[in-house]
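S.K.:
Numbering (the numbering used here), first residue to last: 1 to 342.
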């Protein structure tokens with residue numbers, strides 16, 4: 001397993017890290033068990049966030065009494081200094097620690113900087129001077145924000161979606177981070193669930209010596225798969241390269257990543273699933289997606305009021321109403337047997 005150093009932070013860990021968003025859906029007992037087993041299996045970097053309901057609390061309980069043995073990154077969606085300071089104190093309490101290794105502005109729409117009038121970057125400096133955080137990071141879903149952050153000289157890490165479906169522009173971001181000695185943390189390494197071969201996902205990441213993927217883990221089976229790669233790390237074979245090439249052709253263009261930042265929908269549509277239903281039907285067992293529950297959820301698309309609030313909030317600037325319409329039309333064809341799926 002390759003070791004990755006996150007830019008100027010000096011943090012060096014195996015290229016196989018734990019994304020703790022999904023554990024908010026687990027019981028505390030299950031989540032803590034997964035986190036501890038991840039550590040025992042070789043993982044050393046754990047990423048969570050203040051808005052992931054009780055994820056921080058679970059991480060805190062898992063590593064209580066062994067804090068110095070792991071690196072913990074968390075995030076704040078605060079946009080005012082008051083919110084920032086409140087979030088930070090809650091995170092420290094939840095994580096049962098007096099410091100956070102990397103504190104990140106979460107899904108930032110701008111690159112906070114000293115003197116910009118918001119006071120937000122000054123809060124980071126204040127927290128760092130007080131020893132409450134060790135490194136300043138930022139996460140983004142908009143490419144230009146991530147590029148600006150990498151070039152600013154203000155951030156030690158940038159977290160951005162990155163997988164084998166990455167475009168040349170996203171690969172250029174990785175190289176930009178390398179040039180500026182900024183650590184690159186890769187979220188959505190499985191493209192929000194669209195990638196279903198973990199060995200191919202890992203082999204792709206292995207090509208980069210400055211990328212740290214944080215795999216979203218919720219189940220024991222998933223963790224077992226990722227931990228197995230410590231013993232035998234997948235490499236880019238001709239077979240995997242060919243497979244990825246086919247995947248890139250199939251999944252090229254505009255598609256919903258399922259991030260959910262468009263939610264909630266005024267019409268009650270589960271946008272982050274319904275807007276990519278066509279792909280899920282073909283890439284996951286179809287019985288689940290054709291259940292009465294999902295038929296009812298898809299039917300809600302008929303009630304779309306075209307307010308375009310989802311389009312305004314989409315970090316990928318997708319035409320979400322149009323995606324919903326196309327997915328609904330395809331779904332109806334599947335139900336009628338006009339189109340077959342796996």
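Ideal Cβ positions, reconstructed from N, Cα and C, are used throughout, including at glycine.
(1) If you count every other CB in all the chains shown that lies within 10 Å of the CB of residue 72, and 16 or more means buried, which is it?
(2) Could you pull out every unbroken alpha helix (DSSP H) segment of at least 4 residues lying fully inside the stretch 77 to 152, listed in chain order?
(3) Answer with buried or exposed for residue 80, where buried requires no fewer than 16 other C-beta atoms within 10 angstroms of its C-beta.
(4) State the beta-bridge partners of residue 13 as determined by DSSP.
(5) Using only the alpha-carbon positions, how far apart do residue 357 and residue 61 sit?
(6) Comparing alpha-carbon positions, which option in 339, 221, 274, 270 lies nearest residue 327?
(7) For residue 66, count neighbouring Cβ atoms within 10 angstroms of its own Cβ and tell me buried if that reaches 16, exposed if not.
(8) Rounded C-beta distance between residue 38 and residue 63? I'm assuming under 8 Å.
(9) Would you mind working out which of 205, 224, 225, 278 sits nearest residue 241, comparing C-alpha positions?
(10) Label residue 76 either buried or exposed according to how many other C-beta atoms from any shown protein chain fall within 10 Å of its C-beta, with 16 as the threshold for buried.
(11) Determine contact between the stretch 160 to 175 and the stretch 215 to 225, defined as no fewer than three beta-carbon pairs at a distance below 8 Å.
(12) Could you name the residues that DSSP lists as bridge partners for residue 215?
(13) Is it true that the CB of residue 305 sits closer than 9 Å to the CB of residue 325?
(14) Using 8 Å for Cβ pairs, my map puts residue 271 next to residue 320. What's the rounded Cβ distance?
(15) Is any heavy atom in the ligand ADP found nearer than 8 Å to the beta carbon of residue 1?
(16) Taking the beta strand (DSSP E) that residue 249 belongs to, which residues open and close that run?
(17) Does the Cβ-Cβ distance between residue 257 and residue 192 come in under 9 Å?
(18) Of all the alpha helix (DSSP H) runs that stay within the bounds of the stretch 167 to 215, which reach a length of 4 or more residues?
(19) Can you list, in chain order, the residues of its chain whose CB lies under 8 Å from that of residue 106, leaving out five sequence neighbours each side?
(20) Would you identify the three-state DSSP class for residue 231, choosing helix, strand or coil?
(21) Do residue 90 and residue 56 have their beta-carbon atoms positioned less than 9 Å apart in this structure?
(22) So residue 84 and residue 120 are supposed to be a Cβ contact under 8 Å. How far apart are they, rounded?
(23) Report yes if the C-beta distance between residue 314 and residue 229 is below 9 Å; otherwise report no.
(24) Within the continuous alpha helix (DSSP H) that includes residue 350, where are the two ends?
(25) Could you tell me the distance, in whole angstroms, from the CA atom of residue 339 to the CA atom of residue 148?
(26) Reducing DSSP to helix, strand and coil, say where residue 321 ends up.
M.R.: Judging by the given coordinates:
(1) Translated into the one-based positions of the chain shown, residue 72 becomes position 72. Flag for residue 72 reads buried.
(2) 81 to 94, 120 to 129, 143 to 152
(3) Locating residue 80 in the chain shown gives position 80, counting from the first residue. Exposed is the call here.
(4) Position 13 of the chain shown holds residue 13. BP columns for residue 13 point to 4.
(5) Past the edges of the chain, shown from 1 to 342, lies residue 357, and the structure says nothing about it.
(6) As a working mapping, residue 327 is identified with position 327 in the chain shown. Per the Cα distances, 274.
(7) The sequence position of residue 66 within the chain shown is 66, counting from 1. Flag for residue 66 reads exposed.
(8) The residue you call residue 38 lines up with position 38 of the chain shown. The residue you call residue 63 lines up with position 63 of the chain shown. Residue 38 to residue 63, Cβ: 10 Å. No contact.
(9) Here the question's residue 241 lines up with position 241 in the chain shown. When each option's Cα is compared against that of residue 241, the closest is 205.
(10) Walking along the chain shown from the start, residue 76 turns up at place 76. Looking at its Cβ environment, which holds 16 or more other Cβ atoms inside 10 Å, residue 76 is buried.
(11) no
(12) Working through the chain shown from its first residue, we reach residue 215 at position 215. DSSP lists 18 as partners of residue 215.
(13) Along the chain shown, one-based indexing puts residue 325 at 325. Along the chain shown, one-based indexing puts residue 305 at 305. It is not a contact, given that the beta carbons lie outside the stated cut-off.
(14) What you label residue 271 is simply residue 271 of the chain shown in a count that begins at 1. What you label residue 320 is simply residue 320 of the chain shown in a count that begins at 1. Going by Cβ atoms, the distance from residue 271 to residue 320 rounds to 6 Å, so yes, they are a contact pair.
(15) As for the ligand ADP, it is missing from this structure, which has no ligand bound.
(16) The residue labelled residue 249 in the question sits at position 249 within the chain shown. It is not in any beta strand (DSSP E) - residue 249 instead sits in the alpha helix (DSSP H) that spans 238 to 250.
(17) Position 257 of the chain shown, counted from the first residue, corresponds to residue 257. Position 192 of the chain shown, counted from the first residue, corresponds to residue 192. Yes. Within cutoff.
(18) 168 to 179, 198 to 205
(19) Here the question's residue 106 lines up with position 106 in the chain shown. Only 49, 50, 51, 75, 76, 77, 139 meet the Cβ criterion.
(20) What you label residue 231 is simply residue 231 of the chain shown in a count that begins at 1. Helix.
(21) Here the question's residue 56 lines up with position 56 in the chain shown. Here the question's residue 90 lines up with position 90 in the chain shown. Yes, the pair counts as a contact, with Cβ atoms nearer than the cut-off.
(22) For the purposes of this step, residue 84 is taken as residue 84 along the chain shown, with counting starting at 1. For the purposes of this step, residue 120 is taken as residue 120 along the chain shown, with counting starting at 1. Contact flag correct, Cβ pair sits at about 6 Å.
(23) Locating residue 314 in the chain shown gives position 314, counting from the first residue. Locating residue 229 in the chain shown gives position 229, counting from the first residue. No, the Cβ-Cβ distance between residue 314 and residue 229 is not below 9 Å.
(24) The structure shown does not extend to residue 350, since the chain spans only 1 to 342, so no value can be given for it.
(25) As a working mapping, residue 339 is identified with position 339 in the chain shown. As a working mapping, residue 148 is identified with position 148 in the chain shown. Straight-line Cα distance between these residues: approximately 44 Å.
(26) In the chain shown, counting from the first residue as 1, residue 321 sits at position 321. Reduced to three states, the DSSP call for residue 321 is helix.
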